[in-house]
Amino acid sequence: MNVPTRRTIVVPDRLALRAHRLRAARAQQQGLQVMTVDQLAARLAGGFVRPIDADSLRVAIQAVLPLTSLGVLEAIKPLPGMVNAAAATLEKVWLAGIDLQGRAGEHVRLDALARLEQAVLAQLPSAMARPTDIAAAANARLMHARAVLGSIDLDGMADVAPCWRQMLLALATEVPMRWIAGARAVPSWLEDSAIEVVRSASEKPEISVVSAATPAHEALEAMRWVRALLASRQALPHEIAIASADPARFDAHLLALREEAGIDLHFVHGVAVATTRDGQAASALADILVHGLSQLKLRRLASLCADAPLLRALPDRWLRVLPAGAALASPQAWERLLARIAPSDWPDGTDHDEALAALAALVHLLQQGAAGADVVGEQLLCGRALSIWRRALVAGPAASLPATIEHMKQDDGLDSCVAVTWMPAAALAGTPRRFVRLLGLNAGQWPRGSVEDGLLPDHVIAADELEWLTRAQQDCRDFSDLMRACKTQAVLSFSRRNDDGRSLGKSPLLTGYKLTEYLLRHATPLHAMSEADRLAARLPEFVCLSLAQATAGCWDDWQSAAVTAHDGAVRPDHPLLQAIADRTHSASSLKRLLRNPIGYLWEYALGWNAPDLAGELLLLDAAAFGNLVHEMLDVALQRLEAGGSLALADEAQVRVVLDEASTVVAANWAARVELPPTAIWRQTLAQARQLGLAALTMDVVPIAFGSAYGEVPFGDAKPKSDAPQPWDISAPVTIAITGTALRISGYIDRLDISHDSQQVRVRDYKTGKLVGKSVVLDGGAEVQRCLYAYAAKAMLGDQVEVRTTLMYPRDGIELELDDPAAAMAELATYLDSAYHSLLAGNCLAGPDTGGGYDKFAFLLPANALGAYCKRKSAAIATVLGDAANVWESQ
Numbered sequence: 001m002n003v004p005t006r007r008t009i010v011v012p013d014r015l016a017l018r019a020h021r022l023r024a025a026r027a028q029q030q031g032l033q034v035m036t037v038d039q040l041a042a043r044l045a046g047g048f049v050r051p052i053d054a055d056s057l058r059v060a061i062q063a064v065l066p067l068t069s070l071g072v073l074e075a076i077k078p079l080p081g082m083v084n085a086a087a088a089t090l091e092k093v094w095l096a097g098i099d100l101q102g103r104a105g106e107h108v109r110l111d112a113l114a115r116l117e118q119a120v121l122a123q124l125p126s127a128m129a130r131p132t133d134i135a136a137a138a139n140a141r142l143m144h145a146r147a148v149l150g151s152i153d154l155d156g157m158a159d160v161a162p163c164w165r166q167m168l169l170a171l172a173t174e175v176p177m178r179w180i181a182g183a184r185a186v187p188s189w190l191e192d193s194a195i196e197v198v199r200s201a202s203e204k205p206e207i208s209v210v211s212a213a214t215p216a217h218e219a220l221e222a223m224r225w226v227r228a229l230l231a232s233r234q235a236l237p238h239e240i241a242i243a244s245a246d247p248a249r250f251d252a253h254l255l256a257l258r259e260e261a262g263i264d265l266h267f268v269h270g271v272a273v274a275t276t277r278d279g280q281a282a283s284a285l286a287d288i289l290v291h292g293l294s295q296l297k298l299r300r301l302a303s304l305c306a307d308a309p310l311l312r313a314l315p316d317r318w319l320r321v322l323p324a325g326a327a328l329a330s331p332q333a334w335e336r337l338l339a340r341i342a343p344s345d346w347p348d349g350t351d352h353d354e355a356l357a358a359l360a361a362l363v364h365l366l367q368q369g370a371a372g373a374d375v376v377g378e379q380l381l382c383g384r385a386l387s388i389w390r391r392a393l394v395a396g397p398a399a400s401l402p403a404t405i406e407h408m409k410q411d412d413g414l415d416s417c418v419a420v421t422w423m424p425a426a427a428l429a430g431t432p433r434r435f436v437r438l439l440g441l442n443a444g445q446w447p448r449g450s451v452e453d454g455l456l457p458d459h460v461i462a463a464d465e466l467e468w469l470t471r472a473q474q475d476c477r478d479f480s481d482l483m484r485a486c487k488t489q490a491v492l493s494f495s496r497r498n499d500d501g502r503s504l505g506k507s508p509l510l511t512g513y514k515l516t517e518y519l520l521r522h523a524t525p526l527h528a529m530s531e532a533d534r535l536a537a538r539l540p541e542f543v544c545l546s547l548a549q550a551t552a553g554c555w556d557d558w559q560s561a562a563v564t565a566h567d568g569a570v571r572p573d574h575p576l577l578q579a580i581a582d583r584t585h586s587a588s589s590l591k592r593l594l595r596n597p598i599g600y601l602w603e604y605a606l607g608w609n610a611p612d613l614a615g616e617l618l619l620l621d622a623a624a625f626g627n628l629v630h631e632m633l634d635v636a637l638q639r640l641e642a643g644g645s646l647a648l649a650d651e652a653q654v655r656v657v658l659d660e661a662s663t664v665v666a667a668n669w670a671a672r673v674e675l676p677p678t679a680i681w682r683q684t685l686a687q688a689r690q691l692g693l694a695a696l697t698m699d700v701v702p703i704a705f706g707s708a709y710g711e712v713p714f715g716d717a718k719p720k721s722d723a724p725q726p727w728d729i730s731a732p733v734t735i736a737i738t739g740t741a742l743r744i745s746g747y748i749d750r751l752d753i754s755h756d757s758q759q760v761r762v763r764d765y766k767t768g769k770l771v772g773k774s775v776v777l778d779g780g781a782e783v784q785r786c787l788y789a790y791a792a793k794a795m796l797g798d799q800v801e802v803r804t805t806l807m808y809p810r811d812g813i814e815l816e817l818d819d820p821a822a823a824m825a826e827l828a829t830y831l832d833s834a835y836h837s838l839l840a841g842n843c844l845a846g847p848d849t850g851g852g853y854d855k856f857a858f859l860l861p862a863n864a865l866g867a868y869c870k871r872k873s874a875a876i877a878t879v880l881g882d883a884a885n886v887w888e889s890q
């Protein structure tokens, strides 16, 4: 029986390890060992010795850091990046062969790191050892090298760390050892050694230099290049590689293009965990624990962690018990919500005591904050998400979990031996491929500038001692090795500008290489990398698609001055038009009908609307502040009327009642919506009280003593409180027009009725400043007063004298409508025209279309107000006819 001769191949990294082992398996080579240099040393050292891996090192540092005094470094121990920085520094020190314990007295930083190293080594398993310790143990067992290792080939190595060099030199005297340099440069420490250097001539690949517009364009062209090689069968996937000195600049672009192109592009250095569902689950939980709980954050977490036991205990569609639009961003808001949840609030309408208890437990758990991160993660996460969570807790403090998770990476599940690879240039230098494309060859980016170590700067330990090659030297060496080792084709790519538009220069490494191609961002590609890219490249084919024809037709219609179907022209008497024309109208819907017919169609016929996303805010916008003042005035008015009468209350009484109303309203808002920071919220409430005082004490248009009501519903609108109402709120209110009547409903801001019920004053509060002169309908933008007058007449009778006003408490001005009857008649005429124009299918743009407050502006061409609306205005006015007259009203 022939016993195979033992042989060992030493490779630079995990990528080369897999490649060599696959080749050995395919060649059925027996007795061959493939390992990295640290594995070689550990194998020779024996005794189950193993190197210190990165994860174990970080776990140990995390454990000993709080208990170890670091002297001058004590102040930075709690910082988020301390664990990673300490691990990186210790790895550099160990690989450089520096004895921290022996140099502890030279500098205070060396003292601190020596204490940290001692604590870490005590924390690690006894089988784990530093590189220098493993090398020393291996040197003591050199006599077993021939039996354990056999002959040794160091293949694909650009260099080895100083801590291993003496061991290799001594090992070469015991067993045959070769340094397979190929076309690479040979390190100087190999000179005059027993290690045989095997050189070969440099390869002569086809080299081209291309200039792209931006890094995103570089990535796109790289994927087109890959697709062309695969489609033409010039190369197999494992023969193609894309690399860069700093892959992080291109990761996001290539990740998106990988999905679009459907090509298995293996990220050798890993993909960000946040790009996966499990990573998003961990990120969602970290966001809640560090930045606080809110409704939006809970909904995100629930969608990602539906398998958590606490969430499985809740009934289906349980999120419906959370009030829409409520931020629920404080513990008090959650307490109030949980206290008022009734059986009818659950989707099935039944009592869920256990579910309510589970929801309360979930909220309590999430409100523990970063201090309970380890416990909360174990209860809410599982599988890979839990693994990510545990790694993040090891990598840094709980308070920095969101940032830690954002920068974490994981394997993408693809095999480098059978896939196209995207990797750092240093990794590709050890395993060259036939077809190589290098990205980011710009000045300052390849080679990159060198940086000092964060914990051991140059004045403590010289940079050339801590790192035998600077980062710039490594980048230059990797580029040189790649150019020598690439066999068939090398494409060198650089960007003319960065993602922000700043001009970039070429890398000095490209000196001597002639520019081959100047790539334009929107040029027709020779080979498309995806379906969308193919259609963009073949315009004759693209224009035959129905989608393209519809898009081109829409664009042409938008550029035309005539009214077309793409401008809102709809088939006359369409059932949906009839339905939305006969709906119960409000002031806002009638204003939209008069001034923005196409927006009226989108909102009420198609049901489109902007999402109401509760979130953190700094200031209330104008609309929200107006709602706050209106609610405060309503509560204050109810209390004043219940205690006697607003007319009999003096200013001091009004102030007291407003303070009480402010407290009530603030509590209601805290339960419903996200509030600004405390100091700003107090100032906002004080400003609202000041406007409320002006509104309740101003009586520019007096009427005889009577009763006052706030937020009065009409037309079957739901009352906002239990306060007594002046009329039957379920009674219909209509505006007569040709052939029918428009039903209206809404709320009167304030209604004053005289003691004899013969005089009525309706007020519309305006919390902004008065701009311009007094108006009646203001082109259809001011319809509230007329609608209030219609409601008062319908509820109290035609004999009642109705006076309508606009109150500006900020300016101390109250504007009365001179002739309410004439204004009501004028509004009815305009509504008659708008109603029948809508039924005729004329859902076109109006004065409010595309404006700053138009929530549907994104559906229109860019700069619609300045170009599209102006271009169409004459034709729209002609088509609308009488319906456009309202825009000229005063």
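Just so it is clear: in the sequence shown, position 565 is 565 by the working numbering, and no numbers are missing. Note that CB positions come from ideal geometry on N, CA and C, so glycine has one too.
Distances from the CA of Leu675 to each of Leu777, Gly102, Ala333 and Lys514 were compared; the closest alpha carbon is that of Ala333.
In this structure, Leu601 and Leu839 do not form a Cβ contact; the two beta carbons are roughly 12 Å apart against a cut-off of 8 Å.
Judged by their CB atoms, Asp475 and Trp446 are nearer to each other than the 8 Å cut-off.
Setting aside the 5 residues that flank it on each side, Lys506 is surrounded in the same chain by Phe494, each with a C-beta closer than 6 Å to its C-beta; the list follows chain order.
Phe858: not part of any beta strand (DSSP E); DSSP gives it neither H nor E. Within the same chain, Cβ atoms closer than 7 Å to the Cβ of Gly71 are found at Val108, Asp111 and Ala112, the five residues on either side in sequence being excluded.
The beta carbons of Leu628 and Ala708 sit no closer together than 8 Å. Contact holds between the region 145-157 and the region 10-23, because three or more Cβ pairs, one in each stretch, are under 8 Å apart.
Along the region 475-502, the beta strand (DSSP E) occurs as fully enclosed runs of 3 or more residues at 489-495, listed in sequence order. Residue pairing by DSSP places Gly710 opposite Arg750 in a beta bridge. By alpha-carbon distance to Arg437, the top candidate from Asp567, Val460, Cys486 and Ser503 is Cys486.
Here Asp246 is not near Gly369, since their CB atoms are 8 Å or more apart.
Within the same chain, Cβ atoms closer than 6 Å to the Cβ of Ala789 are found at Val802, Thr804, Pro820 and Met824, the five residues on either side in sequence being excluded. Glu517 counts as exposed, since fewer than 16 other beta carbons sit within 10 angstroms of its beta carbon. Proximity of the region 400-418 to the region 279-290 meets the contact definition, three or more beta-carbon pairs being nearer than 8 Å. In the structure shown, Trp179 adopts extended strand secondary structure according to DSSP, grouped into three states. Contact between Trp727 and Leu787 fails: their C-beta atoms lie close to 15 Å from each other, not under 8 Å. Where His266 is concerned, there is no enclosing alpha helix (DSSP H), although the beta strand (DSSP E) around it starts and stops at Leu265 to Phe267. Between the C-alpha atoms of Asp453 and Ile76 there is a straight-line separation of about 15 Å.
Within the same chain, Leu110 come within 6 Å of Arg103 by CB-CB distance, once the 5 residues on both sides are set aside. Distance from the Cα of Asp659 is smallest, within the candidate group Gly644, Ala528, Gln687 and Ala845, for Gln687. In terms of Cβ geometry, Asn842 and Ala565 do not form a close pair [threshold 8 Å]. The C-alpha of Ile341 is placed about 31 Å away from the C-alpha of Tyr604. Taking all protein chains in view, the Cβ of His253 is crowded by 16 or more other Cβ atoms within 10 Å, so the residue is classified as buried. Between Ile207 and Met483, the alpha-carbon positions lie close to 9 Å from each other.
Look at the region 6-48 and you find these whole runs of beta strand (DSSP E), each 3 residues long or longer: 7-11 and 32-36. Burial state of Phe48 is exposed, judged by a 10 Å Cβ sphere holding fewer than 16 other Cβ atoms.
Under DSSP, Leu154 takes part in a beta bridge, and its partners are Val10 and Trp179. The DSSP-derived three-state label of Asp192 is coil.
Straight-line measurement puts the Cα of Val420 at about 14 Å from the Cα of Ala427. For Ser56, the uninterrupted alpha helix (DSSP H) segment begins and ends at Ala54 to Val64.
Residue state for Glu206 is assigned as strand, using DSSP reduced to three classes.
The beta-carbon distance between Ala661 and Arg682, rounded to whole angstroms, is 15 Å. This is too long to meet the 8 Å contact definition. With a beta-carbon spacing of about 37 Å, Ile680 and Leu593 fall beyond the 8 Å limit used to define contacts. Per DSSP, the continuous beta strand (DSSP E) segment holding Trp422 begins and ends at Val420 to Pro424. Distances from the alpha-carbon of Asp478 to those of Ala429, Ser303 and Leu504 put Ala429 closest.
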